[in-house]
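First the structure, in the form of structure tokens, and then the observations on it.
2 protein chains.
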Amino acid sequence: MSVAPEKRSFVRLPREKRMRDIEKAARMVFSQHGFDAAPVNEIAAEAGISEGSIYKFYTNKRDLLHTVLRTWYLGMIDDFKAKLEGIEGTRARIHIVIWQHLKSIKESPDLCRLFYSEVRNAPDYYSTELYDMNREYTRVLMGILAKGMAEGDIRTDTSPALVRDVIFGGIEHHVTAYLMNRGDFDYEVVAQQLSRLVFCGIAADKPEPRQDLDRLIERLEQVTDRLDQKSSEGG
Amino acid sequence: MSVAPEKRSFVRLPREKRMRDIEKAARMVFSQHGFDAAPVNEIAAEAGISEGSIYKFYTNKRDLLHTVLRTWYLGMIDDFKAKLEGIEGTRARIHIVIWQHLKSIKESPDLCRLFYSEVRNAPDYYSTELYDMNREYTRVLMGILAKGMAEGDIRTDTSPALVRDVIFGGIEHHVTAYLMNRGDFDYEVVAQQLSRLVFCGIAADKPEPRQDLDRLIERLEQVTDRLDQKSSEGG
DNA sequence: ACCTTTAGTGAGCCACACTCATTAAAAATG
DNA sequence: CATTTTTAATGAGTGTGGCTCACTAAAGGT
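Those sequence lines, one after another, are chains A and B.
Each residue of the first sequence is one higher than the one before, starting from 22 at the first, in our numbering.
Each residue of the second sequence is one higher than the one before, starting from 22 at the first, in our numbering.
Okay, structure coming up:
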């Protein structure tokens with residue numbers, strides 16, 4: 022006997038709503054498996070949709086990842102600027118930047134790892150919206166450094182780009198174990214230590230007691246004494 | 022008419038020699054394409070061997086990458102320790118670490134990028150030989166820092182791990198553009214700037230020695246020596 | 001000359017990202 | 001309300017590339 026052809030049926034949703042569903046599912050699956058190991062069909066299943074539909078909204082798997090990370094990054098930038106509002110003083114502002122960055126990492130380790138491992142190392146990163154957003158993020162710190170140099174808090178021979186890289190690169194390395202589920206960190210403590218290291222490393226006008234200089238002076242005095250004596254004897 | 026079945030013929034090489042050939046080819050292809058985009062058949066062709074043979078020597082593509090990177094890393098560790106031989110003084114030794122690391126990056130940007138993007142972010146990195154080698158590499162710096170703290174050059178409330186991460190993380194971020202073929206860097210200059218930043222950031226109330234002052238001191242000492250000698254002879 | 005060992009082969013498997021012809025649910029039209 | 005148009009949604013199918021495995025032949029031992 023012939024089986025009646027089952028009529029497929031499905032729900033049609035407005036584009037925006039459906040995309041939010043997919044991105045929510047994608048965020049889960051990417052967080053759990055990482056990018057490569059995340060099967061698109063699992064994202065589709067999680068979103069209650071067929072695999073093919075994903076490609077109606079996103080050009081490819083990577084585009085979907087970027088979309089997820091963009092919404093996350095937007096929130097981060099907002100938090101970042103809000104926290105900095107009204108803070109005065111170069112050192113305090115650098116501390117906030119470090120503190121807030123560490124806090125964001127602590128709160129979203131999975132997305133953070135995806136950003137570090139999948140986005141930033143990609144060959145086309147520089148033509149990415151996420152790159153622009155990252156620039157906007159780090160530009161805040163660059164502004165603080167420029168102002169600090171103009172106001173005499175920071176040595177004028179400092180390289181702002183290097184300071185930026187030391188801060189964000191240092192943080193990235195320091196939280197790696199945490200991102201890999203192999204350790205933890207206290208962002209209050211680390212922020213304190215790092216901002217001190219950085220600020221002391223770039224601060225202007227420091228007291229200069231030099232031990233070697235003291236020793237030299239002492240010796241010069243001794244020798245001069247001898248010469249002095251000699252010249253008296255001879256004269 | 023039937024075609025006579027062509028007899029395949031090939032050359033058998035000793036395991037070691039063949040592996041060296043494969044790794045040499047792999048280094049080329051990985052450097053050119055990156056890991057994912059590097060086709061195994063291209064590596065095989067470059068090595069003058071069939072694709073299946075690769076898997077007689079390496080469990081998978083990633084294992085081959087790791088093997089290539091291990092031999093590179095071994096050389097780096099040797100260079101590193103050799104350069105540090107006989108260097109005294111906390112600051113000078115930190116400077117050498119930074120300088121040598123930057124130099125290694127400058128010399129092998131492709132392998133470096135592979136290490137950063139493919140090895141270090143992998144979930145199984147911590148059970149890797151490359152991880153152990155990286156530990157050995159960074160342990161050198163940790164020793165320097167410990168000694169520096171014991172001898173009073175470095176503040177005792179410093180976190181050595183954070184200093185290590187600031188140095189290697191800062192360097193990594195700073196050379197990213199270069200690794201992506203989007204810029205260049207002068208490792209002499211960067212090493213100078215970074216070692217100064219780090220040392221000032223962790224020094225136990227010792228100021229940054231000024232270069233001109235150093236030169237002056239040296240000269241004064243030479244003159245003093247001469248005068249000293251003369252006065253002894255005369256007396 | 002024969003046997004054993006093993007480097008080497010390459011057709012084929014499989015997983016998975018991505019495509020496209022087709023279907024049906026809304027929306028527009030009369 | 002009936003008909004046409006639009007497009008969200010489908011899922012079987014394609015292509016790519018890492019990897020396997022049954023088989024082949026070159027070297028070495030006896």
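C-beta: ideal position from N, C-alpha, C; glycine also.
In this structure, TYR208 of chain A sits near LYS124 of chain A, with a CB-CB distance shorter than 8 Å.
Residue environment analysis places ASP205 of chain B among the exposed positions, since fewer than 16 neighbouring C-beta atoms fall within 10 angstroms of its C-beta. Restricting attention to A:ARG91, A:ALA167 and A:GLY96, the CA atom closest to the CA of ALA182 of chain A is found in A:ALA167. A straight-line Cα-Cα distance of about 13 Å links THR159 of chain A and ILE117 of chain A.
Look at ILE115 of chain B here: in three-state DSSP terms it is helix. Between the alpha carbons of ASN202 of chain A and HIS54 of chain A lies a distance of about 13 Å. Contact of HIS122 of chain A with chain B is not assigned, every C-beta pair being separated by 8 Å or more. Taking the Cα of TYR199 of chain A as reference, the smallest distance to any Cα among A:GLY164, A:VAL32, A:ILE126 and A:LYS38 is reached at A:ILE126. At least one beta carbon of chain B lies nearer than 8 Å to the beta carbon of VAL187 of chain A. Cβ atoms of VAL187 of chain B and LEU218 of chain A come within 8 Å of each other, at about 6 Å.
Residue burial annotation: GLY169 of chain A is buried, with at least 16 other C-beta atoms found within 10 angstroms of its C-beta. Secondary structure note for VAL211 of chain B: its alpha helix (DSSP H) is the uninterrupted segment 208-223.
Within 10 angstroms of the beta-carbon of GLN250 of chain B lie fewer than 16 other beta-carbons, which makes it exposed. In the DSSP assignment, ILE175 of chain A is bridged to A:ALA224.
The alpha-carbon of GLU106 of chain B is positioned some 51 Å away from that of LEU85 of chain A. Counting along the chain, PHE56 of chain B sits inside no alpha helix (DSSP H), nor does DSSP assign it H or E at all. Close partners of PRO181 of chain B in chain A (Cβ separation under 8 Å) are lacking, with about 11 Å as the shortest Cβ gap. Per DSSP, LEU34 of chain B lies in no alpha helix (DSSP H) and is assigned neither H nor E. Following the DSSP letters along the chain, one finds VAL196 of chain A inside the alpha helix (DSSP H) bounded by residues 181-200. ARG29 of chain A: not part of any alpha helix (DSSP H); DSSP gives it neither H nor E. Here the segment 63-75 of chain A lies against the segment 36-54 of chain A, with 3 or more beta-carbon pairs under 8 Å apart.
Following the DSSP letters along the chain, one finds VAL89 of chain A inside the alpha helix (DSSP H) bounded by residues 82-105. Membership of ASN62 of chain A in the alpha helix (DSSP H) is indicated by the continuous run 61-67. In this structure, DSSP gives ALA143 of chain A a state outside helix and strand, which the three-state scheme calls coil. Chain A places no beta carbon closer than 8 Å to that of ILE43 of chain B, leaving this residue out of the contacts. Within chain A, the residues SER180 and LEU183 have their CB atoms less than 7 Å from the CB of GLN214 of chain B, given in chain order. Residues are counted here when their Cβ sits less than 7 Å from a Cβ of chain A; for the segment 123-139 of chain B these are TYR137 and SER138, given in chain order.
Of the candidates B:THR111, B:GLU242 and B:SER52, B:SER52 places its Cα closest to the Cα of ASP131 of chain B. The CB of ILE223 of chain A comes closer than 7 Å to the CB of LEU218 in chain B, given here in chain order. Only exposed fits GLU109 of chain A, as fewer than 16 other CB atoms lie within 10 angstroms of its CB.
Assigned with DSSP and collapsed to three states, GLY73 of chain B falls in helix. With a threshold of 16 other beta carbon atoms within 10 Å, GLY164 of chain B falls short and is exposed. Between GLY190 of chain B and HIS194 of chain A, the C-beta gap is smaller than 8 Å, which places the two residues in contact. For the 8 Å CB-CB criterion, LEU95 of chain A and LEU135 of chain A do not form a contact. For VAL50 of chain A, the closest Cβ of chain B is not nearer than 8 Å. If you check each beta-carbon in the segment 144-165 of chain A against every beta-carbon of chain B, the ones closer than 9 Å belong to PRO144, TYR146 and TYR147.
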